[in-house]
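Participant:
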Amino acid sequence: MQNMPGYSFSHRFSGTIWKIELDKIAGYLAIETRTSGQKYPDFSLFDYITGTCLFDQINFPEYEQWTLDKADSGHVLLHGYLREGSPERNGIIVLTSKGQIAWQKFNYALEAVANGVAGIYNANVQPRRIEYVAVSNGGNTSQPDLSFDYFEDFRFPTMTNQPVPGFEEIAGSLSHLQINGKSIYSFHRKAAGGYEQFLSLYQGDQLIFEEKIDGPIQKLNPEAFFIHQNNLFFIRNKNEIVSYLV
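For what it's worth, the UniProt record's numbering labels the leading residue of the sequence shown as 1, then goes sequentially.
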């Protein structure tokens with residue numbers, strides 16, 4: 001078909017995609033996945049410009065309660081919790097683009113991350129006092145401009161209940177976003193056993209791409225995709241990240 005989106009990359013995981021963070025500085029995509037029966041998460045990193053997998057599903061079994069926090073300046077930042085079930089953060093691990101530990105602080109927590117600088121604080125000291133360290137090595141540095149807008153170059157679909165000409169009957173709301181003269185839609189159709197979710201790309205009234213991205217499922221999924229610059233990202237079947245250039 002004319003004007004088909006350019007394929008960038010895809011990667012399937014053994015577990016369910018739990019969280020995604022994008023490093024706009026380095027052009028990296030960090031992903032946390034969770035596997036049923038495994039208490040600790042796995043972490044992966046991709047160069048979304050070249051499609052290269054930099055490290056795949058590495059984990060730290062001794063740190064069950066850790067989770068992905070941010071990806072920034074070529075590094076992946078993880079944070080822990082004070083105790084199981086607690087919302088209070090405690091602990092920082094920073095990984096290099098090779099999946100190696102660059103530095104860690106177990107009595108500190110992350111407050112903010114921007115442009116290669118992390119704001120951290122000693123979780124055992126009150127009142128809280130923010131210290132600023134380099135993401136690359138944890139060394140002290142000057143305060144960054146925390147007005148940095150992480151979502152500046154991101155675009156997310158809007159939800160609408162309005163019908164779209166040419167569509168067959170759909171279930172639930174329609175997610176819609178326009179970019180470069182194209183319209184991207186995500187929607188559900190009723191199917192045997194529940195629902196199926198689809199992603200489609202239109203140029204005017206012409207359908208140029210459509211893909212089933214999940215199903216059969218019992219409940220309607222939330223937002224299915226987002227765009228950074230001209231990169232379209234979506235999750236297929238809960239365990240695969242897919243990217244196209246649009």
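The beta-carbon is built from N, C-alpha and C at its ideal position, and this holds for glycine as well.
(1) Figure out for me which residue from N230, I101 and E84 has the closest Cα to the Cα of R155.
(2) For M1, I'd like the list of residues in its chain whose CB is within less than 8 Å of its CB, leaving aside the five on either flank, ordered along the chain.
(3) How many whole angstroms separate the CB atoms of P216 and G181, which I take to be in contact at a CB cut-off of 8 Å?
(4) What residues in its chain sit with their C-beta under 6 Å from that of G74, if we drop five residues either side in the sequence?
(5) Mind checking which residues open and close the beta strand (DSSP E) that includes A102?
(6) Within a Cβ cutoff of 6 Å, which residues of the same chain sit near Q197, ignoring the five residues on either side of it in sequence?
(7) For the putative contact between Y185 and S200, defined by C-beta atoms under 8 Å, what is the C-beta separation to the nearest angstrom?
(8) Quick check: what's the CA-CA separation for G6 versus D205?
(9) In the DSSP output, which residue or residues are listed as bridge partners for F187?
(10) What are the partner residues of D23, as DSSP defines its beta bridges?
(11) Figure out for me which residue from R34, F233, N107 and F234 has the closest Cα to the Cα of T67.
(12) Inspect the beta-carbon positions of I101 and I120 and report whether they are closer than 8 Å.
(13) May I have the straight-line CA-CA distance separating H11 from Q126, to the nearest angstrom?
(14) Considering N237, what are the terminal residues of the beta strand (DSSP E) in which it resides?
(15) Considering G91, what are the terminal residues of the beta strand (DSSP E) in which it resides?
(16) Considering just the uninterrupted stretch of the beta strand (DSSP E) at A112, what are its terminal residues?
Facilitator: Taking the structure as given:
(1) N230
(2) Any reading at M1 is ruled out, since the residue's pLDDT is 45, under 50, leaving its predicted position unreliable.
(3) Going by Cβ atoms, the distance from P216 to G181 rounds to 34 Å, so no, they are not a contact pair.
(4) A26 and S97
(5) I101 to K105
(6) Cβ-Cβ distances below 6 Å link Q197 to H188, I213, D214, G215 and N221 in the same chain, with the five nearest sequence neighbours on each side left out; the list follows chain order.
(7) 5 Å
(8) 20 Å
(9) DSSP output for F187 lists F198 as bridge partner(s).
(10) Y28
(11) R34
(12) no
(13) 44 Å
(14) Taken as a continuous stretch (DSSP letters only), N237 belongs to no beta strand (DSSP E), as it is neither H nor E.
(15) Boundaries of the beta strand (DSSP E) harbouring G91: R89 to L95, taken from the DSSP string.
(16) Y108 to A114
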